[in-house]
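These notes are about the structure you will find just below.
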Amino acid sequence: MGINLRSPLFIVLLTIVIDRLGESLIFPILPFLVERFNFDALSLTLLFSAFAAAQFIAAPLLGALSDHWGRRPVLLICIAGTALSYILFAVATAPWLLFVSRIIDGLTGGVVSTAQAYIADTSAPADRAKNFGLTGAAFGIGFIFGPAIGGSLAAINLKLPIWFAAALALVNGVLAYFILPESLPAAQRSPLTLKSFALQQQWLALFNQRTLQALLMAFFIFNFAFAGFTSIFVLFLKRQLSWGPAQAGIIFVIIGVVSTIVQAGLIRSLIPRFGEQRLSWGGLLLVALALLGIAAVPSVGSFSVPLLYGCVVGLAFGVGIMLPSLRGVISNRVRDQDQGKIIGASQSLQSVAGIAGPAWAGWVFDRWGGVAPAWQSSVMMAIALGFLALGLGKPKDATPSTL
């Protein structure tokens, strides 16, 4: 029993695959693409910050619009914006056009969240968990094949992966336009109000919870350091190891494979056995050690490549077990009726880290050299471990907080 290739569920899952594929196609070759503009590390990482800032601003608006207009028009707008951003990036003749491209991509970056809302609309309650599980598989497919395809196409022409990503987005838009029906009935749509876009009250309520403060600090520091390091990682490979796009692509294929294995099923067997608290601690510790190992890679000579591969596997595995476990710990500290608030506020916190982290890493790279972001990120992970230990020291059966 499979999925009908013309069914809305298949088209939505294909949309997620193409969105992730396009992103992972370009990521390993980004430092090589901007080389013609003589970008320093800070300028490169500000492209990531610009995208994250635009997405942070637009995410509440896109969510509210999808509740008001329906999923289909918002999804089509987001797909069109993604295609436009890739085309603009490919034809850019000045640095400012690259930033405009990334801002457009961020402002229309609601593909995944809108697609997930579509799945929720069209799935029976008993099938939602199963269908949401398919989105994890869609993510994995995109992140596994994207870097490999991008690295191979870049060997032919450096801009070819961008044009390929744009073509994928356009094909996806055509399929969605002709096949995808609306999922949200008019009677169930919400009116637009200013409260639809407000995050301030959620943030204030979130940080007023004593049982959450240390855990949220750990969550923020992790995301700040991780977003910073990943934004500079390909440049690290280029400058420190003289690697090209194809070699960098292999690294991200490895990350995609490990992440998919962990998210597709391994985490489900690990949590009952070890518990969310131990996995949060162990995963974060593994991430800190992996980053420390990556910082040592340029200085170990012939062992550099095996060490790098081992550290990358450890990094992907650590992140894969830590993030869902920590989210579970945080979720269990609040009441059931407050889960939406905690998810929305923690996602916005992650977005802020995605804005500031890359800018920090680029500045550090330019000022102190290529290995500095790796070892400084490792130190930050150790600090996050301290906050995590403080937060996990709360009673395990503490009464859920009220937001």
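Residue numbers (the numbering used here): -18 to 384.
Note that CB positions come from ideal geometry on N, CA and C, so glycine has one too.
Note that the structure is predicted; figures quoted are calculated from it, not measured.
Using only CA atoms, which one of the options lies nearest to residue i?
i	options	result
V155	F70, G44 and L56	L56
A132	S332, F368, G3 and A340	Contrary to the premise, residue 132 reads as Gly rather than Ala in this sequence. Selected option, being the one with the closest Cα: G3.
I311	N153, Q328, F298 and A297	Q328
A229	R1, F8, I(-1) and F18	F8
Y158	I58, I68 and A135	I58
N112	S358, P166, L251 and P(-11)	P(-11)
E257	S306, R1 and N138	S306
F37	P142, G91, S359 and W349	G91
G385	F126, V268, R348 and F205	This structure gives no information on residue 385, because the portion of the chain shown stretches from -18 to 384.
V360	F13, F210 and T95	F210
F46	S171, A148, N19 and G350	Before going further, note that residue 46 is Leu rather than Phe in the sequence given. Looking at the Cα atoms, S171 is the closest of the given residues.
Q169	F18, I84 and H49	H49
P166	P287, F70, I68 and T103	T103
I100	T89, D86 and T116	T116
P41	L260, S332 and L151	S332
T89	L78, F18, G44 and S250	G44
A39	R53, G62 and L369	G62
L385	A105, L218, A206 and Q194	With the chain represented from -18 up to 384, any question about residue 385 goes unanswered, as that position is not in the structure.
I143	A199, F70 and P226	F70
N138	L304, F233 and I10	I10
L141	A277, L14 and A337	L14
A119	A199, F20, I60 and F(-9)	F(-9)
Take the Cβ of residue i as the centre, count every other Cβ of all protein chains shown within 10 Å, and call the residue buried at 16 or more, exposed below.
i	result
G374	exposed
P128	buried
P162	exposed
S358	buried
T380	Confidence at T380 is low in this model, with a pLDDT of 47, below 50, so its placement is unreliable and no value can be given for it.
T397	The structure shown does not extend to residue 397, since the chain is modelled only from -18 to 384, so the question has no answer here.
N153	buried
W224	buried
L384	Bear in mind that a pLDDT of 49 at L384, under 50, signals an unreliable position, so the number given afterwards is only what the model happens to contain. Buried, since its Cβ has 16 or more Cβ neighbours within 10 Å.
N204	buried
W349	exposed
S5	buried
P287	exposed
M(-18)	Bear in mind that the predicted position of M(-18) carries a pLDDT of just 43, short of 50, making it unreliable; the figure below should be weighed with that in mind. With fewer than 16 Cβ atoms within 10 Å of its Cβ, M(-18) is classed as exposed.
G206	The sequence as given places Ala at residue 206; Gly does not occur at that position. Classification of A206: buried, given that the 10 Å Cβ count is 16 or more.
F368	buried
P253	exposed
V72	exposed
R53	buried
Excluding the 5 residues preceding and the 5 following residue i in the sequence, name in chain order all residues of the same chain whose CB lies nearer than 7 Å to its CB.
i	result
I213	A22, T26, A342, G343, F346 and P354
V238	I125
V93	I(-3) and D0
L65	I85
A96	V(-7), T(-4), I(-3) and L56
G51	E163, L165 and R170
I364	I202
G372	A195, L196 and A199
A337	F205
Considering only residues of the same chain and omitting the five flanking positions on each side of residue i, which have a CB-CB separation below 6 Å?
i	result
K377	At K377 the pLDDT is 46, less than 50, meaning the model places this residue with poor confidence and gives no usable figure here.
P335	The amino acid occupying residue 335 in the given sequence is Gly; Pro does not appear at that position. Hits under 6 Å: A33 and A208.
E16	none
I68	A147
I84	A31 and A35
L272	A355, S358 and S359
State the CB to CB distance for the pair residue i and residue j, rounded to an integer number of angstroms; the pair is presumed to be in contact (CB under 8 Å).
i	j	result
A34	F80	No, A34 and F80 are not in contact; Cβ-Cβ is about 11 Å, not under 8 Å.
L196	L265	Between L265 and L196 the Cβ distance is about 12 Å, and since that is not below 8 Å, they are no contact.
S240	G301	5 Å
P76	V215	Not a contact, Cβ separation roughly 18 Å.
I235	V293	6 Å
Can residue i be considered in contact with the ligand SAM, in the sense that its beta carbon sits closer than 7 Å to one or more heavy atoms?
i	result
P253	Here there are no bound small molecules, and the ligand SAM is not part of this structure.
Just to confirm my understanding: we take residue i, look at its own chain, exclude 5 residues before and 5 after, and list those with CB closer than 8 Å. What are they?
i	result
P279	Q221, L222, S285, G351 and V352
Ranges of the alpha helix (DSSP H) found wholly within the stretch 219 to 264, counting only runs of at least 4
Contiguous alpha helix (DSSP H) elements confined to the stretch 219 to 264 occur at 226 to 242 and 248 to 255, taking only those with 4 or more residues.
Which complete alpha helix (DSSP H) runs does the stretch 11 to 50 hold, if anything under 4 residues is left out?
DSSP runs (the alpha helix (DSSP H)) wholly in the stretch 11 to 50: 11 to 14 and 22 to 50.
Give, in chain order, every unbroken run of the alpha helix (DSSP H) that is at least 4 residues long and sits entirely within the stretch 269 to 313.
Counting only unbroken stretches of 4 or more residues, the alpha helix (DSSP H) elements lying wholly within the stretch 269 to 313 are 285 to 312, in sequence order.
Runs of 4 residues minimum, wholly inside the stretch 92 to 160: which ones carry the alpha helix (DSSP H) assignment?
Fully contained in the stretch 92 to 160 are the following alpha helix (DSSP H) runs of length 4 or more, in chain order: 92 to 103, 106 to 137 and 141 to 160.
For the stretch 49 to 79, list the alpha helix (DSSP H) runs that are entirely contained and at least 4 residues long, ordered along the chain.
Runs found: 52 to 72.
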